[in-house]
Structure formats: structure tokens, C-alpha cells
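K.L.:
For the record, the sequence lines run as chains A and B. Each residue of the first sequence is one higher than the one before, starting from 1 at the first, in full-length UniProt numbering. Each residue of the second sequence is one higher than the one before, starting from 1 at the first, in full-length UniProt numbering. Built from N, CA and C at the ideal position, the CB exists for glycine as well.
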Amino acid sequence: MTSQAGSQPVALARSAARERRRRVLGPLAGLSHAALLVWTALVVVPIAWTFLASVKTEDEIFGSAWSLPAVPRWDNWARAWEQAHVGRYMLNSVVVVGLGTAGTMLLGSMAAYVLARYRFRGDRAVYLLFVSGLAFPVYLALTPLFFVVRTMGSLPVIGPLIGLDSYGGLVLVYIAYSLPFTVFFLSAFFRTLPGAVAEAAFVDGASHARVFFQIMLPLARPGIVSITIFNVLGQWNQYQIPLVLLSGQSKDKWVLTQGIADISTAAGYDADWAALFAALSMAILPMLVVYTIFQRQIQAGLTAGALK
Amino acid sequence: MADRTRRSLTANRAAFTRARFIIGFLAAPVLLYLIYVISPYAQAFSIAMTDWRGVSAAPGFVGLANFQRLLGDGVFWTAVRHNGLLLVLMPIGTLVIALFFAFLLNAGGSTAASGVFGARFYRVVFFFPQVLAVAIVAVLFQQVFRPDESGMLNAPLIALGLEPVGFLSDPGVALWSILGVLIWQAVGFYVVLFSAGMASIPRELYEAAEIDGAGRGRLFFRVTLPLLWDTVQVGWIYLGIAALDVFAIVWVMTAEHGGPDHATTVMAAEIYRNAFQYFKFGYASAMGVVLFFFTVAFAAVALRLSRRERVEF
Chain A
1 MTSQAGSQPV ALARSAARER RRRVLGPLAG LSHAALLVWT ALVVVPIAWT FLASVKTEDE
61 IFGSAWSLPA VPRWDNWARA WEQAHVGRYM LNSVVVVGLG TAGTMLLGSM AAYVLARYRF
121 RGDRAVYLLF VSGLAFPVYL ALTPLFFVVR TMGSLPVIGP LIGLDSYGGL VLVYIAYSLP
181 FTVFFLSAFF RTLPGAVAEA AFVDGASHAR VFFQIMLPLA RPGIVSITIF NVLGQWNQYQ
241 IPLVLLSGQS KDKWVLTQGI ADISTAAGYD ADWAALFAAL SMAILPMLVV YTIFQRQIQA
301 GLTAGALK
Chain B
1 MADRTRRSLT ANRAAFTRAR FIIGFLAAPV LLYLIYVISP YAQAFSIAMT DWRGVSAAPG
61 FVGLANFQRL LGDGVFWTAV RHNGLLLVLM PIGTLVIALF FAFLLNAGGS TAASGVFGAR
121 FYRVVFFFPQ VLAVAIVAVL FQQVFRPDES GMLNAPLIAL GLEPVGFLSD PGVALWSILG
181 VLIWQAVGFY VVLFSAGMAS IPRELYEAAE IDGAGRGRLF FRVTLPLLWD TVQVGWIYLG
241 IAALDVFAIV WVMTAEHGGP DHATTVMAAE IYRNAFQYFK FGYASAMGVV LFFFTVAFAA
301 VALRLSRRER VEF
């Protein structure tokens, strides 16, 4: 009795769903899917092909591109990690981007907060100074930037930490070049936050800095998350700036993009192609894994960043 | 009297702690920004007017001589032409493909107001290339484009008995290969961006238009596109600036960093080459100044051209 009463709506819903599906599979929807699947293949196949080539032997790679490896050669991956120093490059990228993003978020949110919520003489000028950085192509600054970092390197005591061929120099430059967008985006965000909670905290005797760190920063979390994603991806993908600031003499400090580009351009004919494919796969895999886990936040973060 | 003094003292102290806080919070970011961003940009304009080659202690002032030399530099103008071509074709290609897919994903279902089945999956996959570093994408496609049967694209051509295409070695093809990679990487981002924009268009508008007998094509051009225009404009400006800043794809992927025979070179590559391979810092900075004015001019023109009545909904 109960089962019969319960099964009727289920059956109805099911037939409605079938009906809907049949309509979806009409000619137009079919063509839509065909077009969408073609682009899916265009995206996935080159990446999958790279992974496949990473477990081939040299001979298999130079044979027909679409052949399958006889046996997967995982030693290519071991060679890329050890001999081509991909492990080292990846660690360098993690260190530089970790410090760079942390610094950007700390300094950027501090500046954005003050510029958004405090009126003082010159506030508008400082804000415009930051935002003007959005308009300039980085290639204009490239040459002088090299010399600025070189000059910083000759400072007493801290020089070696922030000069050319140092992590510190790269981190500071990453932070500085991430500031325009971070300040622009976050000051818009801080402006929209309600002031009542902060007022109450001031009345209770909280300091300006305390209100910022304990009240405003947590309130701004959605904006902070978006812009952090934006900065992590931007700094992780950086190639131009490390190319200028980390010379061939400091290969041990190279970042991942630089290292892999070098394996492919400088290697020449006696290159270890199998290891190159393995290195490439190693650079792609973590990004795809992280992206798949956080895809919702990454898409939201990047699109929010672009539209502001 | 004493009370008033005390009150003004408190006010003074509050103003002092407020100023101390403002300065304390701004000092580090402003200092860093002035040193690493503003000062290089400012210096670039003055370096552009010198014959500085890095080795000489005192760069000599040469006025506009570098710019004069630029006028006669064939390679530089080839680079400018390539950037110009990319500036037109990359945004058009990317925007058209992305708008098409975004519309399919959001209005390609059984009714005009419903998305196609699996829209979420497509959005996730299409976005893949966006999270890969440009330099990595360049190395990847260098392999895909290999000229013999070891290349992903040439293997089937050879198997069919056709001539392999010199994707990166044929001067007539190489720039198109670059364009293809640029579009390949950019499309996913704009699909997601436009999808977000389309999702905010009220469903009733589509339903009303459909009841009035509008087909999919009309729906797209009469409803979706006008309501999405602001977003498309943002996309156009972003892509245009990206086209002026192309570097890693060319530098990493092509032979001789812009070859074969300058067939793929771009302004950024010439700036880098002149500065850090030929050590002509003055000359490279002059190129940077030209690029700067191109960028500013493009942004101004783009904003002007795409200004339109804003549709409210």
C-alpha cells in the first residue's frame, strides 16, 4: 500500500525526466554537444598526449606520435626530478610564491584598508599612484628594474638577500608588481564593509591595528580569498621577471617555468626528450589537481578579479 | 577650563595615534612600490634618451636618436606588425569562440532558458589551460607542433600521406600557430566570464522572447549580446593588452626566439633581446616607450569604440 502510493510520483518524475532528456537530445542540442566535445578534446588531448609521452622511451617518442608505450617508463620521471632538477625548481617556485603571496596579501590589504576607510591629506594621490600601475606594460620597466635590483644587491648587510640571483629580490619584486591590482580590488571591497562593528570596537578601546586584524580582515574574507587565488596563479605562472632577475649562474634558484623552458630551448639535439615530457607533466599535474579541487573558488576568484 | 584642556589633549592624542597608524600601515607598501614599480617606469623614459649600453659608467644623452633609429629598424616594425595582427585576431577569435560556447552552455538546452546538460563539466575542462603557466603551455605546444611524425598534429597527416606542416618552421604558418595557442589558452576563461554574465540575465527575458517566436540566433543577438556588452568590452580590452604583451609563447616556443627569420617576433621579445642579449639598454627602453604609447592608445580607442548605451535590466 505504502509502496504503491510512493511509487507513483517517482514514476511520474522519471517519465518527465525522460521526456526532458529526449528533448535535450534534439538536433540542436546534439550539435551543441558535438561542438562542446570538440573543444573538450582540443583541451584534453594535448595534455593527455604529453602525459603519455612522459612514459615512453626515446625511440617511441621519435616514432609515430600516437603510438602507445610498450611498457610505461617511470624512470623518465625519476630522471626529470633528479637530473633535470625539476624537484629543485618546484621547491623554489613554492618558496618564492609562498613568500610573495603572503607579503602581497599582508601589505596590500593594509594599504587598501587605510586608503579605503581613512581620510587624510594625499589619500587620493596615494590611491591613484597604486592604481596607475595597472595601466603600464611591464616591458617598459624591465631594463631599469634589473638595475634597481642590482643596486639593492649592493646595500650593506641585507644586499645579498635582495639583490640579483636571490629569492628575496624576486619576492620583493613580485609583491611590488602585485600591489596595484590587490590594492585596487581590496580597497573597493573594504569600502563596502559596514562601519558599525568597527565603531563599536573603537568605543570599547580597541586600537586601529586591532580593529583591522580582528574585525575588518575577517569580514573581508571573500575578497581576500579571491585576490589570493589571483596572486598565487599570477606569481606561480611568472616567467618574464625571473628570466631577468635570476641569471644562468644561479640555476639552483630558478623557478619552475624558467627551468622547464630552459630544458626545452637550451637542450639541443642531445636533449633527453623523455625527461622533458616527464618534466612537463610534473609541472602540469599539480596545477590540474589543485585546480580540480578548488575549481569553483578559482573560477570565481579570477572572474571577480577581471571584472572589478 | 582644565576639563577642556584635558579633552583637547585626548583629541590630540587620538589624532596622533591615527596618523601613526596610517603612516605605519602605508609606509612599507608605498616604499616597496616606489622602489620597484614607479622608479623603473620613470627611469625607462630617461634611459630611452641615452646611448647606455650598461658597461659605460656615464650614459650619454642622445635625445630622440633612439626613436629615430627605431623608425628605420625593419625587425622592430615586423614585430609591431605582428603585435597589430594579434591585437585584431586574438580578441576576435577568442571572443567569438567563447561567446558561442558560453551561449551553448547557458541557453543550449531544451528551452532557451536552460543550459546544456553537463554545462558544469565543460566549464571546468575548458578552464584547464588558464591555470597552466604560459611558459609551460609554450613548451607543451612546441612538442605538439613538431615537424615530423613525432609531432601530435603531423603524425596523422603523414599517416594519410600528406605533407607535414611546418607549424613553427614555415614562416608563413608560424604566426598562425602562435595565434592558435593564444586562443587555445584564453577561451576557457572567457567562457566562464561570459557564463557568469549570462547567468545574471533574467530567465523571463528569454522565455518572453521565445514565446514571441524568437529563434536561438535572434535570442543571442537581440537579448544576450546587448545585455552582456559591458563584459564583452572588458574582455576585449584585456585581450588586446594581452596581445600587446605576448612574450613567453614566442620566446620559448619558436626557433631563434621569434623566428624563423623574425616571422613570429613581437615587441616584448625585441625589447628583451635588445636589452639582455645585445645590452642596448637605451635602445630597448625606447622600444618600451613605444609599446607604452601603443598600449595607452589602444585602451583609449577601445573604450571609445565600445562605448554604448548601457542596457539596464
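For the alpha helix (DSSP H) that residue 254(A) lies in, which residues bound it at each end?
P.N.:
Position 254 of the first sequence, counted from the first residue, corresponds to residue 254(A). Residue 254(A) -> no alpha helix (DSSP H), and no H or E assigned at all.
K.L.:
Quick check on DSSP: helix, strand or coil for residue 147(A)?
P.N.:
Translated into positions along the first sequence, residue 147(A) becomes position 147. In the structure shown, residue 147(A) sits in a helix (DSSP, three-state: H, G or I).
K.L.:
In the DSSP output, what is residue 295(B) paired with across the bridge?
P.N.:
Residue numbering aside, residue 295(B) sits at position 295 when the second sequence is read from its first letter. In DSSP, residue 295(B) forms no bridge with anything.
K.L.:
To which residues of the same chain is residue 62(B) closer than 8 Å at the C-beta, ignoring the five residues directly before and after it?
P.N.:
Residue mapping note: residue 62(B) aligns to position 62 of the second sequence, counting from 1. Contacts found: 49, 50, 51, 282.
K.L.:
On the DSSP bridge assignment, give the partners of residue 50(B) in chain order.
P.N.:
Here residue 50(B) is taken as the residue at index 50 of the second sequence, counted from 1. DSSP, once it has assigned bridges, lists 61(B) as partnering residue 50(B).
K.L.:
Determine, using beta carbons only, whether residue 143(A) and residue 284(B) come nearer to each other than 8 Å.
P.N.:
Counting from one through the first sequence, the residue named residue 143(A) turns up at place 143. Counting from one through the second sequence, the residue named residue 284(B) turns up at place 284. Yes, the pair counts as a contact, with Cβ atoms nearer than the cut-off.
K.L.:
Count the other CB atoms, across all protein chains shown, that sit within 10 Å of the CB of residue 24(A); report buried if there are 16 or more and exposed otherwise.
P.N.:
Counted from its first residue, the first sequence places residue 24(A) at position 24. With a pLDDT of 44 at residue 24(A), under the threshold of 50, the predicted position of this residue should be treated as unreliable, though the coordinate-derived value follows. Label assigned to residue 24(A): buried.
K.L.:
Under three-state DSSP, which class holds residue 24(A)?
P.N.:
Walking along the first sequence from the start, residue 24(A) turns up at place 24. The predicted position of residue 24(A) is uncertain, since its pLDDT is 44 and thus under 50; no value can be drawn from it.
K.L.:
State yes or no: is the beta carbon of residue 284(A) nearer than 8 Å to at least one beta carbon in chain B?
P.N.:
Position 284 of the first sequence, counted from the start, is the residue given in the question as residue 284(A). Yes, contact with chain B.
K.L.:
Sorted by chain position, which residues of the same chain lie with C-beta nearer than 6 Å to residue 138(B)'s C-beta, five sequence neighbours on each side aside?
P.N.:
Your numbering for residue 138(B) matches position 138 in the second sequence. 248, 249, 252, 253.
K.L.:
If we define contact as Cβ-Cβ less than 8 Å, is residue 207(B) a contact residue for chain A?
P.N.:
Stepping through the second sequence from its first residue, residue 207(B) is reached at position 207. With 8 Å as the cut-off, residue 207(B) does not count as an interface residue toward chain A.
K.L.:
Establish whether the CB of residue 63(A) and some CB of chain B are separated by less than 8 Å.
P.N.:
As a first step, residue 63(A) must be located in the first sequence, where it is residue number 63. So yes, residue 63(A) belongs to the interface.
K.L.:
Could you say which of 108(A), 92(A), 59(A) lies nearest to residue 217(A) if we only look at CA atoms?
P.N.:
On the first sequence, position 217 is the one that residue 217(A) refers to. Ranking the options by Cα distance to residue 217(A), first place goes to 108(A).
K.L.:
Kindly say whether residue 330(B), judged by its beta-carbon, lies nearer than 8 Å to any beta-carbon of chain A.
P.N.:
With chain B covering 1 to 313 only, the question about residue 330(B) has no answer from this structure.
K.L.:
For residue 114(A) and chain B, any beta-carbon pair shorter than 8 Å?
P.N.:
Walking along the first sequence from the start, residue 114(A) turns up at place 114. Yes - at least one Cβ of chain B is within 8 Å of the one on residue 114(A).
K.L.:
How do the stretch 184-193 of chain B and the stretch 118-134 of chain B stand: do at least 3 beta-carbon pairs fall below 8 Å, yes or no?
P.N.:
With the cut-off at 8 Å, the stretch 184-193 of chain B and the stretch 118-134 of chain B touch.
K.L.:
Is residue 297(B) closer than 8 Å to residue 239(A) when the C-beta atoms are compared?
P.N.:
The residue given as residue 239(A) occupies position 239 in the first sequence. The residue given as residue 297(B) occupies position 297 in the second sequence. Not closer than 8 Å, so no.
K.L.:
Grab me the residues of residue 102(B)'s own chain with a C-beta within less than 7 Å of its C-beta, minus the 5 sequence neighbours each way, in chain order.
P.N.:
The residue you call residue 102(B) lines up with position 102 of the second sequence. Answer for residue 102(B): 191, 194, 195, 198, listed in chain order.
K.L.:
Just the chain B side, please: which residues come within less than 8 Å of residue 173(A) by C-beta, in chain order?
P.N.:
On the first sequence, residue 173(A) is found 173 positions in, with the first residue counted as 1. Under the 8 Å cutoff, chain B gives 36.
K.L.:
Give the residues of chain B in contact with residue 233(A), contact being defined as C-beta atoms less than 7 Å apart.
P.N.:
One-based indexing of the first sequence puts residue 233(A) at position 233. Neighbours of residue 233(A) on chain B, chain order: 131.
K.L.:
Return helix, strand or coil for residue 152(B), following the three-state DSSP convention.
P.N.:
In the second sequence, the residue the question calls residue 152(B) occupies position 152. It is coil, neither helix nor strand.
K.L.:
Who are the near neighbours of residue 181(B) in its chain, counting only those whose CB is closer than 7 Å to its CB and skipping five residues on each side?
P.N.:
Position 181 of the second sequence, counted from the first residue, corresponds to residue 181(B). These residues qualify, in order along the chain: 137, 141, 249.
K.L.:
Residue range of the alpha helix (DSSP H) that residue 184(A) falls in?
P.N.:
Taking the first residue of the first sequence as 1, we reach residue 184(A) at position 184. Counting along the chain, the alpha helix (DSSP H) containing residue 184(A) begins and ends at 167-192.
K.L.:
Considering only residues of the same chain and omitting the five flanking positions on each side of residue 318(A), which have a CB-CB separation below 8 Å?
P.N.:
With chain A covering only 1 through 308, there is no way to say anything about residue 318(A).
K.L.:
In whole angstroms, what separates the C-alpha of residue 196(A) from that of residue 211(A)?
P.N.:
Against the first sequence, residue 196(A) aligns to sequence position 196. Against the first sequence, residue 211(A) aligns to sequence position 211. Rounded to the nearest angstrom, the two C-alpha atoms are 12 Å apart.
K.L.:
Less than 8 Å between the beta carbons of residue 46(A) and residue 56(A), yes or no?
P.N.:
Within the first sequence, residue 46(A) is the residue found at index 46, counting from 1. Within the first sequence, residue 56(A) is the residue found at index 56, counting from 1. Taking 8 Å as the Cβ cut-off, residue 46(A) and residue 56(A) do not qualify as a contacting pair.
K.L.:
Buried or exposed: residue 146(B), going by 16 or more other Cβ atoms within 10 Å of its Cβ?
P.N.:
Translated into positions along the second sequence, residue 146(B) becomes position 146. Counting Cβ neighbours within 10 Å, residue 146(B) comes out buried, since at least 16 surround it.
K.L.:
Beta carbons nearer than 7 Å to chain A: which residues of the stretch 18-33 of chain B have them?
P.N.:
Listed by position, the residues of the stretch 18-33 of chain B near chain A (Cβ gap below 7 Å) are 18, 21, 22, 25, 26, 28, 29, 30, 32, 33.
K.L.:
Counting contacts by CB-CB distance shorter than 8 Å, is residue 144(A) in contact with chain B?
P.N.:
Walking along the first sequence from the start, residue 144(A) turns up at place 144. Output row for residue 144(A): interface = yes.
K.L.:
What's the call for residue 9(B), buried or exposed, on a 16-neighbour Cβ count within 10 Å?
P.N.:
As a first step, residue 9(B) must be located in the second sequence, where it is residue number 9. The residue is exposed, with fewer than 16 neighbouring Cβ atoms inside 10 Å.
K.L.:
Spatial neighbours of residue 44(B) within its chain, please: C-beta separation below 6 Å, excluding the five flanking residues on both sides.
P.N.:
Residue numbering aside, residue 44(B) sits at position 44 when the second sequence is read from its first letter. Hits under 6 Å: 285, 288.
K.L.:
According to a CB-to-CB cut-off of less than 9 Å, which residues of the stretch 148-177 of chain B neighbour chain A?
P.N.:
From the stretch 148-177 of chain B, only 148, 149, 150, 151, 152, 153, 154, 155, 156, 158, 159 have a Cβ closer than 9 Å to chain A.
K.L.:
Thinking just about the alpha-carbon of each residue, which of 256(B), 278(B), 263(B), 235(B) is nearest to the one in residue 91(B)?
P.N.:
Taking the second sequence and counting its residues from 1, the one referred to as residue 91(B) is at position 91. Nearest of 256(B), 278(B), 263(B), 235(B) to residue 91(B), Cα basis: 235(B).
K.L.:
I'd like the ranges of any beta strand (DSSP E) spanning at least 3 consecutive residues and lying wholly in the stretch 214-247 of chain B.
P.N.:
As far as the stretch 214-247 of chain B is concerned, it has no whole beta strand (DSSP E) run of at least 3 residues.
K.L.:
Can you tell me the Cα-Cα spacing of residue 203(A) and residue 209(A), whole angstroms?
P.N.:
Your numbering for residue 203(A) matches position 203 in the first sequence. Your numbering for residue 209(A) matches position 209 in the first sequence. So the alpha carbons of these two residues sit roughly 14 Å apart.
K.L.:
Let's see if you can read the secondary structure: which residues bound the alpha helix (DSSP H) around residue 109(A)?
P.N.:
To locate residue 109(A), count along the first sequence from 1; it is residue 109. It spans 86-117 - the alpha helix (DSSP H) in which residue 109(A) sits, taken as one unbroken run.
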